[in-house]
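Novice: Note that the numbering used here has the sequence shown beginning at 142, numbered continuously upward.
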Amino acid sequence: MDELVYWTSRSMGKGNVKAWVYRGECPKCGKGIMGKPVEKGKVKVRAKYYECPECGYKVDKQEYEDSLTANIVYTCPECGNKGETQIPFRRKKFQGVDALVFQCEKCKAKVPVTKKMKEI
Ligand SMILES: [Zn+2]
Ligand SMILES: [Zn+2]
């Protein structure tokens, strides 16, 4: 799970959704994979930024996560269609809750993946 920023799996009525987000390459040097900063061999999971282990480039946590892509595999809770899609890893308000929202390719229902984020 080390290379993932986010991973979730949940069932919703008749459907279910798996969503995951890979850590991205450093936008500056392209060699390192951006991650939480490491200090004296320990990962600072609560840090508000990501750091490149190769060149030390730092990016604000929110800004970095907004640039990533969420991969989604789903069975639509509305119509039972199985599909997969990719959406920007950006949360929107859905019925007052922060959620990743994607659309079923078949019935066009909007399916929210609500935030229940745990630090990995
Ligand atoms: Zn770098
Ligand atoms: Zn559907």
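Cβ atoms here follow ideal geometry from the backbone N, Cα and C, with glycine treated the same way.
Can you tell which of C196, G176, T216 has its C-alpha closest to the C-alpha of S150?
Specialist: For the purposes of this step, residue 150 is taken as residue 9 along the sequence shown, with counting starting at 1. The residue with the shortest Cα to Cα distance from S150 is T216.
Novice: Between the beta-carbon of E219 and the beta-carbon of C193, is there less than 8 Å?
Specialist: Position 78 of the sequence shown holds residue 219. Position 52 of the sequence shown holds residue 193. Cβ atoms of E219 and C193: not closer than 8 Å.
Novice: Would you mind stating whether L209 and V252 have Cβ atoms separated by less than 8 Å?
Specialist: Residue numbering aside, residue 209 sits at position 68 when the sequence shown is read from its first letter. Residue numbering aside, residue 252 sits at position 111 when the sequence shown is read from its first letter. It is not a contact, given that the beta carbons lie outside the stated cut-off.
Novice: What did DSSP end up calling E192 once you bin it into helix, strand or coil?
Specialist: Locating residue 192 in the sequence shown gives position 51, counting from the first residue. E192 falls in the strand class under three-state DSSP.
Novice: If M175 sits next to G165, beta carbons under 8 Å apart, how far is it from one beta carbon to the other, in whole angstroms?
Specialist: To locate residue 175, count along the sequence shown from 1; it is residue 34. To locate residue 165, count along the sequence shown from 1; it is residue 24. Indeed they touch by this definition, with Cβ atoms about 6 Å apart.
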